[in-house]
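Peer 1:
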Amino acid sequence: MSVQLPLAPGSAIGILGGGQLGRMLALAAARLGFDVVVLERQADSPAGRTAAKLIVADYKDEAALADLAGLTGLVTYEFENVPASSVDWLAAHGVEVAPGARALAVAQDRFEEKTFLNAHGAPTVAFAPADTPQEAVKAVAKLGAPALMKTRREGYDGKGQRWVEHAPDAAAAFAELGGVPVIVEAAAEFVRELSVIAARGRDGAMAVYPLAENHHEHGILRRSIAPARASQATAEQAERIAARVLSGLDYVGVIGIELFEMADGRLLVNEIAPRVHNTGHWTQDGCEVDQFEQHIRAIAGWPLGPTKPIAQVEMLNLLGEEADAWVRFAAEPETRIHLYGKHGARPGRKMGHLNRVRPL
Ligand code: AMP
310 MSVQLPLAPG SAIGILGGGQ LGRMLALAAA RLGFDVVVLE RQADSPAGRT AAKLIVADYK
370 DEAALADLAG LTGLVTYEFE NVPASSVDWL AAHGVEVAPG ARALAVAQDR FEEKTFLNAH
430 GAPTVAFAPA DTPQEAVKAV AKLGAPALMK TRREGYDGKG QRWVEHAPDA AAAFAELGGV
490 PVIVEAAAEF VRELSVIAAR GRDGAMAVYP LAENHHEHGI LRRSIAPARA SQATAEQAER
550 IAARVLSGLD YVGVIGIELF EMADGRLLVN EIAPRVHNTG HWTQDGCEVD QFEQHIRAIA
610 GWPLGPTKPI AQVEMLNLLG EEADAWVRFA AEPETRIHLY GKHGARPGRK MGHLNRVRPL
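Under my numbering, the residues of the sequence shown are numbered 310 to 669, in order.
#1: Measure the alpha-carbon distance for residue 443 versus residue 494 and round it to whole angstroms.
#2: Output needed for residue 485: all residues of its chain with C-beta closer than 7 Å, excluding positions within five of it in sequence on either side, in chain order.
#3: For the stretch 565 to 583 and the stretch 531 to 549, state whether three or more C-beta atom pairs, one from each stretch, are separated by less than 8 Å.
#4: On a CA-only basis, which of 313, 341, 479 and 623 is nearest residue 438? Give me that one, please.
#5: Taking 7 Å as the cut-off, does the CB of residue 402 come closer than this to any heavy atom belonging to the ligand AMP?
#6: I think residue 506 touches residue 578, with their Cβ atoms under 8 Å apart; what is that distance to the nearest whole Å?
#7: Beta carbon of residue 657, beta carbon of residue 649: below 8 Å?
#8: Would you check if the distance between the CB atom of residue 389 and the CB atom of residue 417 is smaller than 8 Å?
#9: In chain order, what are the residues with a CB under 6 Å from some non-hydrogen atom of the ligand AMP?
#10: Quick one: any contact between the stretch 339 to 348 and the stretch 408 to 423, if contact means 3 or more CB pairs under 8 Å?
#11: Does the separation of the CB atoms of residue 497 and residue 521 fall below 8 Å?
#12: Given this structure, state the Cα-to-Cα distance separating residue 554 from residue 643, to the nearest angstrom.
#13: Can you have a look at residue 434 and say buried or exposed, based on whether 16 or more other CB atoms are within 10 angstroms of its CB?
#14: Residues in its own chain within less than 8 Å of residue 451 by CB, not counting five upstream and five downstream?
#15: Got a sec? Which residues, its chain only, sit under 6 Å from residue 675 by beta carbon, not counting five neighbours each side?
#16: Just the Cα atoms here: how many angstroms apart are residue 339 and residue 532?
#17: Roughly how many angstroms separate the alpha carbons of residue 673 and residue 449, rounded to a whole number?
#18: By a C-beta neighbour count over all protein chains shown, 10 Å radius and 16 as the cutoff for buried, is residue 616 buried or exposed?
#19: Grab me the residues of residue 620's own chain with a C-beta within less than 8 Å of its C-beta, minus the 5 sequence neighbours each way, in chain order.
#20: With a CB to CB cut of under 7 Å and the five nearest residues on each side skipped, what residues in its chain are close to residue 427?
#21: Once you ignore the five residues that flank residue 420 on each side, which residues in its own chain have a CB closer than 8 Å to its CB?
#22: Grouping DSSP H, G and I as helix and E and B as strand, with all else coil, what is residue 499?
#23: Where do the N-terminal and C-terminal ends of the beta strand (DSSP E) with residue 343 fall, by residue?
#24: Note the first and the last residue of the continuous alpha helix (DSSP H) segment covering residue 377.
Next comes the structure, spelled out in structure tokens:
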């Protein structure tokens, strides 16, 4: 189906992926009058339960992609590891996919990502690619130990990473990561981890949310505090970085940009996520228009909404069995509860989140 923008309420929007981000996008889309079609491998998924239609299939299944293309001319995705070939297939069959293939290609490969960022004036730590154990040893020797080795593709929540304490250990770390192409990063001696969520519309208009301060445990986001306490200069630096990344990718939609704040006040980009982001969940109860509605507005060609904060928020991820305490959370007047409808509370699995709100 071809798409007419701005997309009118009553139209359908496709989402590749059925996780919690897809679920919250589907809820926001429904509020704006759209029907969501989810394509997802699992028959039971957080987004599948909130979608108007569900197609259960592998993302590469062309019959399923054809079904999706028959139902909607506008498709987005909720995780960055959707196969590029599926996005190409949809685009070749007249479906508008946003964010586009370029954003996906850059975000899927950590080496391409950092190369793109530096080329567009968004600073990162020093880095080097390595395809062999010997190259890995050389890269650590050049960048200095300790250094962080990451697989170029498919890492998330701290998976696919190893610290290397001495250059010769890089060969073993390379093998432990599966012998796949990696990137070696200099250690960032950051004082804080921040993130900026931003959006770009079809007309090139941009909207940037206030910074969030993020705390991780075992590589998984535990807590965000937003708006983060930050100087005007820091906020402006983040806005500049967001603007460069968004225009450099000719981006449409919401993007999450993870930042390291250095002791001298400089911001380095850790990574970009071409989608709504866990560190932006606070916007649901802390901003005039949240990141989920903003993403739907952007891809549908609607005007972007205001990003002004209306509350101070502490966002807490509910991991594994923590979500079982919902009755207690429901009794807290300052707490807004967001649960994902997942079955099976494996340790560390994101089951939901809380936004604890206070007046600004
Ligand atoms: P990532 O999967 O790249 O988001 O990394 C997960 C976490 O590892 C980040 O949130 C940081 O806490 C830490 N980290 C990643 N890259 C570096 C680096 N180059 N130096 C120091 N810490 C890092």
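Ideal Cβ placement from N, Cα and C applies to all residues, glycine included.
This structure is a prediction, so every number in the text was calculated from the model and none was measured.
Peer 2: Reading it off the structure:
#1: Rounded to whole angstroms, residue 443 to residue 494 spans 16 Å at the Cα level.
#2: Hits under 7 Å: 471.
#3: Yes, since at least three Cβ pairs between the stretch 565 to 583 and the stretch 531 to 549 fall closer than 8 Å, the two stretches touch.
#4: The shortest C-alpha separation from residue 438 is found at 479.
#5: For the ligand AMP, not one heavy atom lies less than 7 Å from the Cβ of residue 402.
#6: So it is not a contact: roughly 14 Å between Cβ atoms.
#7: No, the Cβ-Cβ distance between residue 657 and residue 649 is not below 8 Å.
#8: Going by C-beta atoms, residue 389 is nearer than 8 Å to residue 417.
#9: Spelled out in chain order, the answer is 434, 457, 464, 467, 494, 496, 497, 502, 525, 528, 567, 579 and 580.
#10: No, because fewer than three Cβ pairs between the stretch 339 to 348 and the stretch 408 to 423 fall closer than 8 Å, the two stretches do not touch.
#11: Not in contact: residue 497 and residue 521 (Cβ atoms no closer than 8 Å).
#12: Between residue 554 and residue 643, the alpha-carbon positions lie close to 35 Å from each other.
#13: Its Cβ being crowded by 16 or more others within 10 Å, residue 434 is buried.
#14: Excluding positions up to five away in sequence, the list reads 437.
#15: Only positions 310 to 669 of the chain appear in the structure, and residue 675 is not among them; the question remains open.
#16: In a straight line, the C-alpha of residue 339 is about 28 Å away from that of residue 532.
#17: What is shown of the chain runs 310 to 669, which leaves residue 673 out entirely.
#18: Residue 616 is buried by the Cβ-count criterion.
#19: Beyond the five residues adjoining it in sequence on each side, residue 620 comes within less than 8 Å, by CB distance, of 594, 595, 666, 667, 668 and 669 in the same chain, given in chain order.
#20: Excluding sequence positions up to five before and after residue 427, its CB lies within less than 7 Å of the CB of 433, all in the same chain and listed in chain order.
#21: Excluding positions up to five away in sequence, the list reads 436, 438, 461, 490 and 492.
#22: In this structure, residue 499 counts as strand in the three-state DSSP scheme.
#23: Secondary structure note for residue 343: it is in no beta strand (DSSP E), with a DSSP letter that is neither H nor E.
#24: Element bounds for residue 377: 371 to 380.
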